[in-house]
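Quick note, the sequences are listed as chains A and B, same order.
In case it helps, my numbering puts the first sequence at residues 1 to 129.
In case it helps, my numbering puts the second sequence at residues 1 to 324.
Heads up, the thing below is written out as structure tokens.
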Amino acid sequence: MSHTASDQRDDLFENLRLELRRGCLGLAVLAALRSEQYGYTLRKALADEGMDIDEGTLYPLLRRLESQGLLQSEWRDEDKRRKRFYVLSVRGRQMLKLLLAEWEGLNASLNGILKEARRGSTRSLPAGR
Amino acid sequence: MEALDRYLQAVEFWLPGAGGKDIVAELSEDIRAELDDRAATLGRALSDDEVREVLARRGHPLVVAERFLPPRHLIGPTLFPLYRMVLRGALLFCLLPLLMAWLGPLAFDPAARAAADGLRHLEGIWLTAVYAFAFVTVAFALLERFGASPRLLASWDPTRLPAPGDPSHISRAASVLELAVYVAAGLFFVAVVRSRVGFELGTLHVTLAPAWPAFAWAFGLASLAGVLLAGANLYRPVWTAPKALARLVVDGLGFALCVLVCRARPLAGISAPGLPPERAAELVAGVNRVAAGLVPGVIAVGCVVALFSAYRIVRLLRKERAAA
Numbered sequence: 001m002s003h004t005a006s007d008q009r010d011d012l013f014e015n016l017r018l019e020l021r022r023g024c025l026g027l028a029v030l031a032a033l034r035s036e037q038y039g040y041t042l043r044k045a046l047a048d049e050g051m052d053i054d055e056g057t058l059y060p061l062l063r064r065l066e067s068q069g070l071l072q073s074e075w076r077d078e079d080k081r082r083k084r085f086y087v088l089s090v091r092g093r094q095m096l097k098l099l100l101a102e103w104e105g106l107n108a109s110l111n112g113i114l115k116e117a118r119r120g121s122t123r124s125l126p127a128g129r
Numbered sequence: 001m002e003a004l005d006r007y008l009q010a011v012e013f014w015l016p017g018a019g020g021k022d023i024v025a026e027l028s029e030d031i032r033a034e035l036d037d038r039a040a041t042l043g044r045a046l047s048d049d050e051v052r053e054v055l056a057r058r059g060h061p062l063v064v065a066e067r068f069l070p071p072r073h074l075i076g077p078t079l080f081p082l083y084r085m086v087l088r089g090a091l092l093f094c095l096l097p098l099l100m101a102w103l104g105p106l107a108f109d110p111a112a113r114a115a116a117d118g119l120r121h122l123e124g125i126w127l128t129a130v131y132a133f134a135f136v137t138v139a140f141a142l143l144e145r146f147g148a149s150p151r152l153l154a155s156w157d158p159t160r161l162p163a164p165g166d167p168s169h170i171s172r173a174a175s176v177l178e179l180a181v182y183v184a185a186g187l188f189f190v191a192v193v194r195s196r197v198g199f200e201l202g203t204l205h206v207t208l209a210p211a212w213p214a215f216a217w218a219f220g221l222a223s224l225a226g227v228l229l230a231g232a233n234l235y236r237p238v239w240t241a242p243k244a245l246a247r248l249v250v251d252g253l254g255f256a257l258c259v260l261v262c263r264a265r266p267l268a269g270i271s272a273p274g275l276p277p278e279r280a281a282e283l284v285a286g287v288n289r290v291a292a293g294l295v296p297g298v299i300a301v302g303c304v305v306a307l308f309s310a311y312r313i314v315r316l317l318r319k320e321r322a323a324a
């Protein structure tokens, strides 16, 4: 029974974690594409920075951002293989600037709220715990 | 790389148009890059099993393709709660009377024809359910397709939303109507008793079945109970569990009496100047046949009313328990 409850808690955490990360993926991809990259190297670059993203999420996201005019892409041969390279468009650069400002504001607000919450939870804990 | 080619072909199958080839070309490059990376790490070519493992990790071709497709639905999340409510109502409205008309006579007369006609009834119920489901679903799919949901939800006013419902409140207008109906019914049955089962309708003399005085007394008592209940509701327009139980009993008695009257060949005879006796007998038989034919319908309506009353009692008891 406790095993099931633990599994449910893990599933819930996983869902919330994914939801939290999903909101940041667009920003991370736009930021990483300030320099030109193709899908696989982009995925690896993001993973190296701790932002794992599976291909089933990345490629549809790249296509959506391109259809919104934020990215431009080009098929080119490299190492005897055809690869599709992506880079930020002019509109994408402007959008990245706006999103970064929004992110910083959000981050500051969240830090303030978290600081309050941490202080509150520390106060409410019994001594010695 | 046969497995990879099969995999890519399967993904492309689910992706429509020229865009599919483009997606698959990019996907192919991504998978090949991953396979090359793995081979470089291991320092050897990958075995078929290792390639299969990489592909399996990426998911079923249909799942992979679906991620590239725009989200599609027959009925979207905005309309769906309304669709569910209408579908439930439509199924209840269509199926409950049919079910009652089938099951009701069985309860009163196990040897009824309903048992023999069971399959025919089931077929009718099933077809009605399918038609109701199809009609409501198609109607909502069309609303969704033509973008009616944003228009439906665009103009609204908080003050015109329904007021919070109180299941125990009784409408005074409904009580007045009930009172009028029960008084009229009571007067009718008093008249029947006084007429000694015979009365004139213009030049027509109608003779009722000999059982009518007994029925009339019973109907009169049920009407009196109905008048008292409607009066009590008018005085204090709030349902309580005893009042709701009394309503169930009165309604149940009324419908049971209706069934008994319909089955008791209520008309004994008619006569009029110039009406041949054979023709009069045919008319009497026809009226009695129609009355008998009404029995399943009366039972069905009675069962629906009884279910509604029972549901009201359950809700009131729950409310009382919650308040305690």
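Where is the CB? At the ideal position from N, CA and C, for every residue including glycine.
Just so it is clear, the structure is predicted and the values come from calculations on it, not from any experiment.
With distances taken Cα to Cα, identify the nearest neighbour of residue i among the options.
i, options, result
"Arg91 of chain A", "A:Ser109, A:Gly69 and A:Asn107", "A:Gly69"
"Pro213 of chain B", "B:Ser195, B:Ala230 and B:Val86", "B:Ser195"
"Leu4 of chain B", "B:Pro61, B:Pro210 and B:Trp156", "B:Pro61"
"Ala306 of chain B", "B:Ile125, B:Gly59, B:Pro97 and B:Leu208", "B:Pro97"
"Val206 of chain B", "B:Arg84, B:Leu316, B:Ala268 and B:Val190", "B:Ala268"
"Ala232 of chain B", "B:Glu178, B:Leu69 and B:Gly202", "B:Glu178"
"Leu201 of chain B", "B:Ile270, B:Pro16 and B:Ala323", "B:Ile270"
"Ala28 of chain A", "A:Trp103, A:Ala117, A:Arg119 and A:Arg118", "A:Trp103"
Check the DSSP bridge columns for residue i and list the partner residues they point to.
i, result
"Arg313 of chain B", "In the sequence under discussion, the amino acid at residue 313 of chain B is Ile, which differs from the Arg named in the question. According to DSSP, which records beta bridges pairwise, Ile313 of chain B is partnered with nothing at all."
"Asp77 of chain A", "A:Arg82"
"Tyr38 of chain A", "A:Phe85"
"Thr207 of chain B", "B:Gly198 and B:Gly269"
"Val238 of chain B", "B:His169"
"Gln72 of chain A", "A:Val87"
Would you decide whether residue i is buried or exposed? Buried here means 16 or more other CB atoms lie within 10 Å of its CB.
i, result
"Phe140 of chain B", "buried"
"Gly254 of chain B", "buried"
"Val51 of chain B", "buried"
"Ser47 of chain B", "exposed"
"Arg247 of chain B", "buried"
"Tyr131 of chain B", "exposed"
"Ala65 of chain B", "buried"
"Tyr235 of chain B", "exposed"
"Trp239 of chain B", "buried"
"Tyr59 of chain A", "buried"
"Arg44 of chain B", "exposed"
"Ile23 of chain B", "buried"
"Arg43 of chain A", "buried"
"Arg325 of chain B", "Absent from the model: residue 325 of chain B. The displayed extent of chain B is 1 to 324, so no value can be given."
"Ser171 of chain B", "exposed"
"Val63 of chain B", "exposed"
Less than 6 Å between C-beta atoms, sequence neighbours within five positions excluded: which residues of the same chain meet that for residue i?
i, result
"Phe215 of chain B", "Val261"
"Pro237 of chain B", "Ile170 and Arg172"
Tell me, please, whether the CB atom of residue i is closer than 7 Å to any CB atom in chain D?
i, result
"Gly50 of chain A", "The structure shown contains no chain D; its protein chains are A and B."
Tell me which same chain residues have a C-beta within less than 7 Å of the C-beta of residue i, skipping the five on either side of it?
i, result
"Leu96 of chain A", "Leu30, Ala31 and Leu88"
"Ala218 of chain B", "Leu257"
"Tyr182 of chain B", "Ser223, Gly226, Val227 and Ala230"
"Leu143 of chain B", "Leu79 and Ser149"
What does a CB cutoff of less than 8 Å around residue i pick up in its chain, not counting 5 residues either side in sequence?
i, result
"Ala209 of chain B", "Val197, Ala264, Arg265, Pro266, Leu267 and Ala268"
"Ala241 of chain B", "Ile313, Leu316, Leu317 and Glu320"
Give a yes or no on contact between the stretch 218 to 236 of chain B and the stretch 290 to 300 of chain B, applying the rule of three or more CB pairs nearer than 8 Å. no
If you pair each beta-carbon of the stretch 29 to 39 of chain B with each one of the stretch 98 to 115 of chain A, do three or more pairs fall below 8 Å? no
So, do the stretch 71 to 82 of chain A and the stretch 39 to 49 of chain A have three or more beta carbon pairs nearer to each other than 8 Å? no
Could you tell me whether the stretch 83 to 93 of chain B touches the stretch 280 to 293 of chain B, where touching means 3 or more Cβ pairs closer than 8 Å? no
Pairs of beta-carbons, one from the stretch 150 to 169 of chain B and one from the stretch 121 to 130 of chain B, closer than 8 Å: are there three or more? no
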